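S.K.:
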Amino acid sequence: MVAHRKSDFHSKWAMVVTVNGLNEEKRADLKKFAGWFMDTLRMEGSFIGHYFNYDTAPVTIVETEANNLESCTNAYQQIHKDHPQVVLVVHILPQAQSVEYEWMKVLASRYGFIRQGILYENCVNRFQNVDSDRNSVFRNMCQWLYRSGTAIIRNEGNNCGILHGKDPKPTFEKVLFNSEDIKEAVFKVLHKEDEPRGAELENIVKISGFPEMLNAFGVAQLLSPYRVNGVTMNGPQSATVTLENKFQVYQAVQEFHGKKLDRNHKLQVVSNVVSSPAAQVESPSFRDSKRHIENLMGKLRVSS
1 MVAHRKSDFH SKWAMVVTVN GLNEEKRADL KKFAGWFMDT LRMEGSFIGH
51 YFNYDTAPVT IVETEANNLE SCTNAYQQIH KDHPQVVLVV HILPQAQSVE
101 YEWMKVLASR YGFIRQGILY ENCVNRFQNV DSDRNSVFRN MCQWLYRSGT
151 AIIRNEGNNC GILHGKDPKP TFEKVLFNSE DIKEAVFKVL HKEDEPRGAE
201 LENIVKISGF PEMLNAFGVA QLLSPYRVNG VTMNGPQSAT VTLENKFQVY
251 QAVQEFHGKK LDRNHKLQVV SNVVSSPAAQ VESPSFRDSK RHIENLMGKL
301 RVSS
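The C-terminal position of the sequence shown is numbered 304 in my numbering, with every residue numbered one higher than the one before it.
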């Protein structure tokens, strides 16, 4: 016996059908298949720890012509425009290795859908004629849907554009689509804040004095081997860097503040919670001791 988790809301999904010779009987069977498919998916997913909360029935079923890219594209566009709440698109394919399978992958990625292709013959016989065990087939689909959903949520490595400002031509800012950059954009646009607040303050350092040619990646390299979680360029030679924790902030300030990169560039690394180390001033006695040690070392080398 499996105890299903009850969700506060149900996710929406749609079906695209590319099948020749559709009639009312086949359409009615496809609607029955949709409910059976989602019930089976939820049951098999629960056995492997994946709990899906999709509606039993799709919000829409869109029919397309076989071997017609324009018809297929229009179907995905229609779902994207008329049903923005749709997360998953199940595409009923006419045959194995069809062009619609390749189009499905491209169009689902373009419009931000999770995709799942199913052969029409498997709809008719409810996966009775598949080579492997039906339970295994559905559990593989569950794992695929779970991974695809996670990838969309993370969306790591992709960029997005943010427009802000009251002028006729608002400012366009391109940022990575991740939680930290979006959080920073919200503070900057809605709250007019350029710096993090609260506990995050202890994880940041302000760095300046580096060559003007360096970008955010180059600035991050300057603080190696410490882990850099984010870099915000404040100007051609100034940046705010977020490190892993306050301990790395302390070490970075101690190690890199005042470091000479070359004849014309000297790093300034400061933090709001860590005082910068004072420059070391050598006393006369220190210089004399240092010179005496160097003389001794020279005599030892000569004698050897």
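Backbone N, C-alpha and C define an ideal beta-carbon position, used for all residues, glycine too. All of these numbers come straight from a predicted model, not from anything done at the bench.
Compare the beta carbon distance of V86 and A14 with 8 Å and say whether it is the shorter of the two.
M.R.: In this structure, A14 lies closer than 8 Å to V86 by Cβ.
S.K.: Are the beta-carbon atoms of V17 and I92 separated by less than 8 Å?
M.R.: Yes, these two residues count as a Cβ contact at 8 Å.
S.K.: Please classify M233: does DSSP put it in a helix, a strand, or coil?
M.R.: If DSSP states are grouped into helix, strand and coil, M233 belongs with the strands.
S.K.: Kindly indicate which residue of K105, W144, Q95 has the alpha-carbon position closest to the one of L41.
M.R.: The shortest C-alpha separation from L41 is found at W144.
S.K.: Which same chain residues end up closer than 6 Å to P58 when comparing Cβ atoms and leaving out the 5 residues on each side of it in sequence?
M.R.: Excluding sequence neighbours, P58 sits near W13, A14, M15, A34.
S.K.: Which residues does DSSP pair with H91 in a beta bridge?
M.R.: H91 pairs with V16, G117.
S.K.: How would you call V241, buried or exposed, if buried means at least 16 neighbouring beta carbons within 10 angstroms?
M.R.: With 16 or more other Cβ atoms within 10 Å, it is buried.
S.K.: Could you give the DSSP three-state label for E282: helix, strand or coil?
M.R.: Note that E282 has pLDDT 44, beneath the 50 cutoff, so the model's placement of it is unreliable and the number below is only indicative. Residue state, collapsed to three classes: coil.
S.K.: Suppose you measure from the CA of L222 to the CA of L107; what does that come to, to the nearest Å?
M.R.: Whole-angstrom Cα-Cα distance: 41 Å.
S.K.: Thinking C-alpha only, which one of Q95, I61, E70 is nearest I79?
M.R.: I79 has its Cα closest to that of I61, out of Q95, I61, E70.
S.K.: Along the chain, where does the alpha helix (DSSP H) that runs through K32 open and close?
M.R.: K32 -> alpha helix (DSSP H) spans 24-47.
S.K.: Just the C-alpha distance for F47 and A66, rounded to the nearest angstrom, thanks.
M.R.: About 36 Å.
S.K.: Specify, as a first and last residue, the run of the beta strand (DSSP E) that Q268 falls within.
M.R.: Per DSSP, Q268 belongs to the beta strand (DSSP E) from 268-270.
S.K.: Kindly indicate the opening and closing residues of the beta strand (DSSP E) around K206.
M.R.: Per DSSP, K206 belongs to the beta strand (DSSP E) from 204-208.
S.K.: To the nearest angstrom, how far is it from the Cα of A220 to the Cα of K260?
M.R.: Computed Cα separation, rounded: 16 Å.
S.K.: Does the distance from the C-beta atom of F138 to that of E44 stay below 8 Å?
M.R.: The answer is yes: Cβ separation under 8 Å.
S.K.: Can you tell me the Cα-Cα spacing of V228 and Q95, whole angstroms?
M.R.: Distance between the alpha carbons of V228 and Q95: 49 Å.
S.K.: Leaving out five residues before and five after L69 in sequence, what residues of the same chain have Cβ atoms less than 7 Å from its Cβ?
M.R.: Excluding positions up to five away in sequence, the list reads W103.
S.K.: Quick one: Cα of V205 to Cα of N272, how far?
M.R.: When rounded, the distance between both Cα atoms is 8 Å.
S.K.: Residue range of the beta strand (DSSP E) that V62 falls in?
M.R.: 61-63 is the span of the beta strand (DSSP E), which, as asked, contains V62.
S.K.: For V249 versus A239, is the C-beta distance shorter than 8 Å?
M.R.: No, they are not a contact pair.
S.K.: Given 7 Å as the limit, tell me if K32 has its C-beta closer than that to any heavy atom belonging to the ligand PLP.
M.R.: Questions concerning the ligand PLP fall outside what the structure shown contains, since it holds no ligand whatsoever.
S.K.: In three-state terms, what does DSSP make of Y54?
M.R.: The answer is strand: DSSP assigns Y54 an E or B state.
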